[in-house]
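As structure tokens, the structure follows; a few thoughts come after it.
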Amino acid sequence: MKIKVFGFLILMAALSCKKSPPIEEYHKGNLTILTDASFESVTQALADGYMMTYPDTKINVETKKEDHAFMDLLQGKAKIIVMSRDLNGEEIKEYERVMDLEYRPDRFAADAVVFVVPNDSPLQSISMDEIIDALHSEEKKLIFDGTNSSNLNFVAQKINKKPSDLKFSILSGNENVIQNMEKYPGKIGVVALNSFSRPYSKEAEELRNKVKILPVIVKGKSISPEILNLANMSYPFTRTLYFLTNEANFSMANGFIRFSCTHIGQMIVQKEGLQKYNLYQREVKMY
Numbered sequence: 006m007k008i009k010v011f012g013f014l015i016l017m018a019a020l021s022c023k024k025s026p027p028i029e030e031y032h033k034g035n036l037t038i039l040t041d042a043s044f045e046s047v048t049q050a051l052a053d054g055y056m057m058t059y060p061d062t063k064i065n066v067e068t069k070k071e072d073h074a075f076m077d078l079l080q081g082k083a084k085i086i087v088m089s090r091d092l093n094g095e096e097i098k099e100y101e102r103v104m105d106l107e108y109r110p111d112r113f114a115a116d117a118v119v120f121v122v123p124n125d126s127p128l129q130s131i132s133m134d135e136i137i138d139a140l141h142s143e144e145k146k147l148i149f150d151g152t153n154s155s156n157l158n159f160v161a162q163k164i165n166k167k168p169s170d171l172k173f174s175i176l177s178g179n180e181n182v183i184q185n186m187e188k189y190p191g192k193i194g195v196v197a198l199n200s201f202s203r204p205y206s207k208e209a210e211e212l213r214n215k216v217k218i219l220p221v222i223v224k225g226k227s228i229s230p231e232i233l234n235l236a237n238m239s240y241p242f243t244r245t246l247y248f249l250t251n252e253a254n255f256s257m258a259n260g261f262i263r264f265s266c267t268h269i270g271q272m273i274v275q276k277e278g279l280q281k282y283n284l285y286q287r288e289v290k291m292y
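Residue 6 is where the sequence shown starts when you use this note's numbering, and the numbers rise one by one after that.
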């Protein structure tokens, strides 16, 4: 009997010596964020800002088409993703069922899908009707950065169509579309504003100089994707970027989301050449 009791005590002592799983905290640890390549620049800038604020954190930004990233989130392969298109009713129900969380997109920036042509193109603008007609034409006049891309998804959603119902050409990657537009006279590239919106980036400036952005004609009015038109969402292809996470507690994913939506994070968004989602009114009171 004494031997059995002694053995039980040894077993309990051994179990108590096993290391407990590390407690996740917002200010230290590792995190991977999945984002479509169209938003990689602003996502990386926010990740860099977070790591500077919390030196014990390591954030890895990986690019993945947003539909695939959403599937990874549902399957537990990702903890946080960046999205632009709105989820449909079935997707929201599945998210809430799998995650056991309320669907609550954390919006942090206004970006845009823009239409670009070579600088020597005679085109000066494009209308909504012309965009819709082009997407149903066998000429495949519009060049997107890939299937399942955020740009294609958003444009399809905007005109109430499925991407599979549309006709278009493909060049892999936003920058690749911009770099090669001069090789495809008569075509129109469809890219993310964030792919070349950074005002202080030499690389972004070089990309901007390769093409001209076409204003979109809406009800006879020419509207460009300028910051003011993103802020009031008058530019028809303005989109808000948001985070989705499967994290129920306040660890790194939710810490990063909070950081991105605070004043510092929103300043980073602004430096990326995008419109801040959370507008802060700065008031100074003197007594």
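Virtual Cβ for every residue (Gly too), placed ideally from N, Cα, C.
Pair within 8 Å by beta-carbon distance, residue i and residue j
{"i": "L140", "j": "F173", "result": "yes"}
{"i": "V121", "j": "L246", "result": "no"}
{"i": "I137", "j": "I164", "result": "yes"}
{"i": "S130", "j": "S227", "result": "yes"}
{"i": "T58", "j": "K33", "result": "no"}
{"i": "L147", "j": "A161", "result": "no"}
{"i": "D72", "j": "N179", "result": "no"}
{"i": "P220", "j": "S229", "result": "yes"}
Closest by C-alpha distance to residue i, when choosing among the options
{"i": "R213", "options": "M133, S239 and V119", "result": "V119"}
{"i": "E45", "options": "R109, F201, N237 and I193", "result": "F201"}
{"i": "N93", "options": "I64, P110, G34 and A83", "result": "P110"}
{"i": "I222", "options": "Y240, L233 and K166", "result": "Y240"}
{"i": "G81", "options": "N65, L39 and F261", "result": "L39"}
{"i": "E101", "options": "N283, T250 and R112", "result": "T250"}
{"i": "S132", "options": "I273, Q271, P168 and F242", "result": "F242"}
{"i": "M186", "options": "S206, I218, E210 and K207", "result": "I218"}
{"i": "E144", "options": "M272, M56, P190 and T267", "result": "P190"}
{"i": "G225", "options": "I64, D91, N124 and E135", "result": "E135"}
{"i": "L303", "options": "E99, I64, P123 and I273", "result": "The structure shown does not extend to residue 303, since the chain is modelled only from 6 through 292, so no value can be given for it."}
{"i": "D91", "options": "E99, R244 and V196", "result": "R244"}
{"i": "N181", "options": "E29, V196, E210 and D105", "result": "V196"}
{"i": "K69", "options": "E208, E210, A209 and N153", "result": "N153"}
Cβ neighbour criterion (16 or more within 10 Å) applied to residue i
{"i": "S142", "result": "exposed"}
{"i": "D41", "result": "buried"}
{"i": "K188", "result": "exposed"}
{"i": "F264", "result": "buried"}
{"i": "D116", "result": "buried"}
{"i": "M257", "result": "buried"}
{"i": "R55", "result": "The sequence given here places Tyr at residue 55; Arg does not occur at that position. That one is buried."}
{"i": "P123", "result": "buried"}
Close Cβ partners of residue i (< 6 Å) along its chain, the five nearest in sequence each way excluded
{"i": "L79", "result": "V103"}
{"i": "K215", "result": "I183"}
{"i": "A83", "result": "L39 and D77"}
{"i": "I262", "result": "D111 and F248"}
{"i": "Q280", "result": "A115, I232, L235 and A236"}
{"i": "S155", "result": "D41, S43, E71 and S89"}
{"i": "P127", "result": "none"}
Contacting residues, own chain, Cβ-Cβ under 8 Å from residue i (five flanking each side not counted)
{"i": "S177", "result": "D150 and G151"}
{"i": "E277", "result": "S46, V47, A50, A114, N199, S202 and R203"}
{"i": "Q275", "result": "K281"}
{"i": "A1", "result": "The chain is shown only over 6 to 292; residue 1 falls outside these bounds and no answer can be derived."}
{"i": "E252", "result": "K84, I85, A258 and N259"}
{"i": "K167", "result": "A161"}
Chain-order list of residues whose beta-carbon lies under 7 Å from that of residue i (same chain, five-residue window excluded)
{"i": "I97", "result": "Y108"}
{"i": "P26", "result": "Only weak support is given to the placement of P26: the predicted model assigns it a pLDDT of 48, under 50, and the question is left unresolved by the model."}
{"i": "F255", "result": "Y31"}
{"i": "C266", "result": "D111, F113 and N283"}
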